[in-house]
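Data block below; observations after.
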Amino acid sequence: RGEQSSGQVLIVANNGTETVKFELPFGNWRSVTEGEVLQETIYIPSLQVMIFERL
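Sequence positions in the sequence shown follow the numbering used here and run 370 to 424.
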């Protein structure tokens with residue numbers, strides 16, 4: 370986590386067998402695979418990697 374500016378990328382991996390809750394850093398984040406804009410709390414399914422770009 371660095372300065373809050375666009376161009377940042379966040380990679381979240383869940384290597385477990387259950388869905389986990391994850392708190393995104395402050396701001397708006399776009400999923401690079403889904404295009405969905407998210408903020409605050411997300412849920413990461415088991416055995417998944419999600420990549421976000423800060424807006």
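Cβ coordinates follow ideal geometry from the N, Cα and C atoms, glycine included.
Between the Cα of residue i and those of the options, spot the shortest distance and give me the residue it belongs to.
i      : options                : result
Asn383 : Ser415, Ser400, Glu422 : Ser415
Roughly how many angstroms separate the alpha carbons of residue i and residue j, rounded to a whole number?
i      : j      : result
Arg370 : Glu405 : With a pLDDT of 48 at Arg370, under the threshold of 50, the modelled position of that residue is not reliable, and the figure given next carries that caveat. Computed Cα separation, rounded: 21 Å.
Gly385 : Gln417 : 9 Å
Met419 : Thr388 : 13 Å
Ser400 : Glu422 : 7 Å
Gln377 : Glu403 : 17 Å
Hey, quick one: how far does the beta strand (DSSP E) through residue i stretch, first residue to last?
i      : result
Asn417 : Rather than Asn, the amino acid found at residue 417 in this sequence is Gln. First-last of the beta strand (DSSP E) with Gln417: 417-423.
Asn397 : Per DSSP, Asn397 belongs to no beta strand (DSSP E) and is neither H nor E.
Take residue i and list the residues in its own chain whose beta-carbon comes closer than 8 Å to its own, dropping the five residues that flank it on each side.
i      : result
Glu409 : Glu392, Leu393
Leu424 : Ser375, Gly396, Asn397, Trp398, Arg399, Val406
Leaving aside the five residues before and after residue i along the sequence, list all residues of the same chain whose C-beta is less than 7 Å from its C-beta, in chain order.
i      : result
Ile411 : Phe391, Leu393
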